[in-house]
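In what follows, a single structure is set out as structure tokens and then discussed.
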Amino acid sequence: MTNELKTLLFLVDTAYDRASWHGPNLRGALRGVTPHQAAWRPAATRHNIWELIVHAAYWKYVAWRRLTGAERASFGLEGSNWIRRDGGTQSDLRRDLVLLETTHRTLRAAVAAVDPRLLDKRPPKGSATTRALITGIAAHDLYHAGQIQLLKRLGGKP
Amino acid sequence: MSVVSAIEAEYRRYKALADSAIEQLGDAELTRPGPGGGNSIDILIRHLAGNFASRFTDFRTSDGEKPWRHRDEEFEPALLTRRELLEKWEAAWRILFTEIGDLSDNALGDTVTVRGQPLKIDEALLRSLAHTAYHVGQIVYLAKAVRGDEWKCLSIPRGKSEEYNRSAPREHAASHAAWLASRTRE
């Protein structure tokens, strides 16, 4: 694997589940979150932690499709981008966390398999370059990790 | 697109997101403490500005944690006017963009230090980008909470995803930043 690809994987990993100096990454922010915390929202029109989980999973799926050009694939949930979540059981929450984990692993594997010579080309279904797509999806995890930390502080008691 | 320009484009995306959120807030809303005694938006702005100024001043030749930076003070209330706050914010971004503008991909394997810890330049940039995205996410969420129904959406609104997927203009970080800037001017 080239250094360029290693560096991109470093960003993907530290944004999601590899220890990083800047604070919790996405998985770190979600550790120990209860269904009650995940469903709490500061106002009726604001997203809750649970919706951020599904949203992050959805965009990892989209990034994977753009990267690989996969035709026959399904996210596994009805809807796109922001999918409503108003609460549920521990196993409901676990199911969405597993979806996040699965989409992350699938995306990561696709990133690891990228031909480094194609980093500056558009992937099969993308309009940005492969490098920009990977950088962007990793930063997206952290953007929402910061929000999850905030939501935990704002009001969602375990 | 070079590695450096891809990173720079993401920085510009997150700056535009923060700018578009800040622009929607009144002076008092900027300094309103976060719920539960959390950081206000102006604290997050000063923290990012302090971080950028420290990390990117003489980026390649001096340690990223400058002796003149007082990080703890960034998290205390400050008597800054909106103008002073935004001047600090813009000045810090200028330092960052100037340094990044001088970088080429050939330099990414060189070493810089932060608190004495050696880091390759690409690693240092990605860490900084990660830190930026993390706090800009918080700025945007806090700003949304403050503005409530008055909030001008910065991403894909509910129910508009299919429309977005057909054109996807904001998949490009630079296009997204330009789109946000055009909305700010509306």
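From first to last, the protein sequence lines are chains W and Y.
Just so we're aligned, residue 1 is where the first sequence starts under the numbering used here, counting upward by one.
Just so we're aligned, residue 1001 is where the second sequence starts under the numbering used here, counting upward by one.
Every residue gets a Cβ at the ideal spot worked out from N, C-alpha and C, and that includes glycine.
DSSP three-state assignment for residue 1037 (chain Y), whether helix, strand or coil
helix
Quick one: which chain W residues come within Cβ less than 8 Å of residue 1024 (chain Y)?
In chain order: nothing, as chain W lies at least about 15 Å away.
With C-beta atoms as the reference, is residue 1130 (chain Y) less than 9 Å away from residue 138 (chain W)?
yes
C-beta neighbour in chain W for residue 1035 (chain Y), strict 9 Å:
yes
Within 10 Å of its beta-carbon, does residue 146 (chain W) have 16 or more other beta-carbons around it, so buried, or fewer, so exposed?
buried
Top-ranked residue by Cα proximity to residue 1048 (chain Y), from Y:1014, Y:1110, Y:1180:
Y:1014
Quick one, which of Y:1117, Y:1136, Y:1060, Y:1077 has its alpha-carbon nearest residue 1032 (chain Y)'s?
Y:1077
C-beta neighbour in chain Y for residue 48 (chain W), strict 9 Å:
no
Tell whether a beta-carbon distance below 9 Å holds between residue 124 (chain W) and residue 67 (chain W).
yes
Going by the DSSP bridge assignment, what does residue 1113 (chain Y) pair with across the sheet?
Y:1118
Between W:92, W:29, W:76, W:103, which has its C-alpha nearest residue 152 (chain W)'s C-alpha?
W:29
Using 8 Å as the cut-off, can you tell me whether the region 1030 to 1044 of chain Y makes contact with the region 1078 to 1086 of chain Y, which would need three or more C-beta pairs spanning the two stretches below that distance?
yes
Taking 9 Å as the cut-off, decide whether the C-beta atoms of residue 46 (chain W) and residue 1144 (chain Y) are in contact.
yes
Could you tell me the alpha carbon to alpha carbon distance between residue 1146 (chain Y) and residue 1152 (chain Y), rounded to whole angstroms?
12 Å
Roughly how many whole angstroms lie between the Cα atoms of residue 1027 (chain Y) and residue 70 (chain W)?
48 Å
Output, in chain order, the set of chain W residues within a Cβ distance shorter than 8 Å of residue 1136 (chain Y).
143, 146
Between the Cα of residue 1115 (chain Y) and the Cα atoms of Y:1107, Y:1108, Y:1109, Y:1124, which residue gives the shortest distance?
Y:1124
How would you call residue 105 (chain W), buried or exposed, if buried means at least 16 neighbouring beta carbons within 10 angstroms?
exposed
Got a sec? Which residues, its chain only, sit under 7 Å from residue 155 (chain W) by beta carbon, not counting five neighbours each side?
40, 42
Does residue 1144 (chain Y) have its Cβ less than 9 Å from a Cβ in chain W?
yes
Under 9 Å, CB to CB, which of the residues in the region 1122 to 1133 of chain Y have a partner in chain W?
1122, 1123, 1126, 1127, 1128, 1129, 1130, 1131, 1132, 1133
Taking 9 Å as the threshold (C-beta atoms), are residue 1111 (chain Y) and residue 1119 (chain Y) in contact?
yes
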